[in-house]
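Visitor: I'd like to ask you about the structure that follows.
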Amino acid sequence: MPDQDICSYINEPRPVARKFLARPQHEGVGAVVRRSIGRFELKYFDPFLVLDEFSATGPAGFPDHPHRGFETVTYMLQGALTHEDFEGHKGTIEAGDLQWMTAGRGIVHSEMPATQGTQRGLQLWINLASKNKMIEPRYQEMLSKDIAETIVDGIKVRVIAGEALGIKSPIYTRTPTMYLDFSLKPGAHLQQPIPKSWNAFVYILEGEGVFGNKKSQPVTPHHILLLGCGDGLEAWNKSSKVLRFILVGGEPLGEPVVQFGPFVMNTQEEIDQTIDDFENYTNGFEKARHWRSESAVGLDF
Ligand code: FJE
Ligand code: FE
1 MPDQDICSYI NEPRPVARKF LARPQHEGVG AVVRRSIGRF ELKYFDPFLV
51 LDEFSATGPA GFPDHPHRGF ETVTYMLQGA LTHEDFEGHK GTIEAGDLQW
101 MTAGRGIVHS EMPATQGTQR GLQLWINLAS KNKMIEPRYQ EMLSKDIAET
151 IVDGIKVRVI AGEALGIKSP IYTRTPTMYL DFSLKPGAHL QQPIPKSWNA
201 FVYILEGEGV FGNKKSQPVT PHHILLLGCG DGLEAWNKSS KVLRFILVGG
251 EPLGEPVVQF GPFVMNTQEE IDQTIDDFEN YTNGFEKARH WRSESAVGLD
301 F
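Structure representation (structure tokens):
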């Protein structure tokens, strides 16, 4: 058996170690999130801080707020979201589009619905290593049409980060990460390698699937599955409908985490400094002093 990364054999399929249903809760202004990672029972799944399946209808969204010390990855499922930040970076992402934002030392931005109707998507927060927490903010944006996609044996994959079924994403991940959006036709069987030392999870979006062990009970949407030890994922669609899920994996940082809302650092001193920087518009928050998003003008919050 070839001993290389592109090897698609799995010797030890990862079992499902834990399973949670993400229930809806209110977040932002009038928005609803199903939070799987970041909730009380699952505060951190190194390097992942938060996974929210969000939904915003009507005048709802996430008005002006800061971030420091991690990355946010927003992947739209339905509708569109307009993003605006304090540097004048502005754009709209629609269903299938991706925004990979490295907040680094600081971003203040708003994330608001761009259209009538319901906007739905996933937002993942990926922690940064201590040496990267204060880097310059950076965006990587990809329109749906530019996301690498292939179909093999009834399995469609959209490669948001990393590689699968022979195709690769151009996204640069500061914390080594894979992010794959799979759709399996009825009867399809997937074997996807995952580096052994990485933490990895599955989040089900549509249909029902069997994961880890062919004899296990099918899992339905809004569940997160934390995968145990092994070198890959095995999944089966034994139902009569399409199964859609994301598979996300990342190299654990193994560093202390101190979080205060949207600020994630390694020590309490660094958090105190961050609050100070935000309040005094210093060390990366300079441009927050005179900035308000267009979507916020005229709003009271
Ligand atoms: C945030 C409360 C928030 N999940 N999913 C507190 F709502 C937010 C926040 C989001 C968010 C934004 C989108 Cl577009 C999607 C989200 C939380 O903006 F950052 C803090 N600290
Ligand atoms: Fe944000």
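In the UniProt record's numbering, the protein residues as written are 1 to 301. Beta carbons: idealized from backbone N, C-alpha and C, even for Gly. The model shown is predicted, which means the values in this text are computed figures rather than measured ones.
1. If you compare alpha carbons, which of Lys131, Tyr44, Phe62 is closest to Val33?
2. Between Glu255, Glu136, Pro195, which has its C-alpha nearest Glu71's C-alpha?
3. State the Cα-Cα distance for the pair residue 314 and Ile167, rounded to the nearest angstrom.
4. When you compare only the Cα positions, how much space is there between Asp300 and Arg292?
5. Where do the ends of the beta strand (DSSP E) carrying Gln123 lie?
6. In the DSSP assignment, find the unbroken beta strand (DSSP E) run with residue 316 in it and report its ends.
7. Can you tell me which residues fall inside 6 Å of the ligand FE, judged by beta-carbon distance to its nearest heavy atom, and keep chain order?
8. Note down the Cα distance separating Val248 from Lys241, rounded to an integer number of angstroms.
9. Check each candidate in Asp97, Phe54, Lys19 and name the one with the smallest Cα separation from His26.
10. Under a Cβ-count criterion, where at least 16 other Cβ atoms within 10 Å of its own Cβ denotes burial, should Ser197 be classed as buried or exposed?
11. Under 9 Å between the Cβ atoms of Lys185 and Ile160?
12. DSSP three-state label for Thr102, please.
13. Is DSSP giving Ala60 helix, strand or coil here?
14. Under 6 Å Cβ to Cβ from Phe86, same chain only, skipping five residues before and after it: list those, please.
15. Hey, quick one: how far does the alpha helix (DSSP H) through Gln268 stretch, first residue to last?
16. Skipping 5 residues on each side, what residues in its chain have a beta carbon closer than 7 Å to that of Ala114?
17. Spatial neighbours of Pro15 within its chain, please: C-beta separation below 6 Å, excluding the five flanking residues on both sides.
18. Could you work out which residue in Lys19, Val29, Leu128, Glu94 is closest to Thr74 when comparing CA atoms only?
19. For Asp277 and Ile271, what's the separation of their Cα atoms in angstroms?
20. Closest to Gly232 by C-alpha separation, out of Tyr44, Val257, Val202, would be which residue?
21. Where does Ala288 fall in DSSP's three states?
22. Tell me whether Arg68 is buried or exposed, calling it buried when 16 or more other Cβ atoms sit within 10 Å of its Cβ.
23. Return the CA-CA distance between Ile10 and Gln191, expressed in angstroms with no decimal places.
24. What number of angstroms, rounded off, separates the C-alpha of Glu149 from the C-alpha of Ile204?
25. Residue ranges of each alpha helix (DSSP H) run of no fewer than 4 residues wholly in the region 33 to 86, ordered along the chain?
26. Smallest Cα separation from Tyr44: which of Val264, Gln268, Ser169, Thr282?
27. Under the criterion of a Cβ to heavy atom distance below 8 Å, does Pro195 qualify as lining the ligand FJE?
Guide: Straight from the coordinates:
1. Phe62
2. Glu136
3. One cannot answer for residue 314 here, as it falls past the ends of the chain, which runs 1 to 301.
4. At Asp300, the pLDDT of 46 sits below 50, so the modelled position is not reliable; the number obtained from the coordinates is stated separately. Each residue's Cα considered, the two are about 12 Å apart.
5. 118 to 127
6. Within the shown structure, residues of the chain are numbered from 1 to 301, placing residue 316 beyond reach of any answer.
7. Phe62, His65, His67, Thr72, His109, Glu111
8. 23 Å
9. Phe54
10. exposed
11. no
12. strand
13. coil
14. Val108, Lys287, Ala288, Trp291
15. 268 to 280
16. Ala80, Leu81, Thr82, Thr92
17. Gly212, Gly228
18. Glu94
19. 10 Å
20. Val202
21. helix
22. buried
23. 7 Å
24. 19 Å
25. none
26. Val264
27. no
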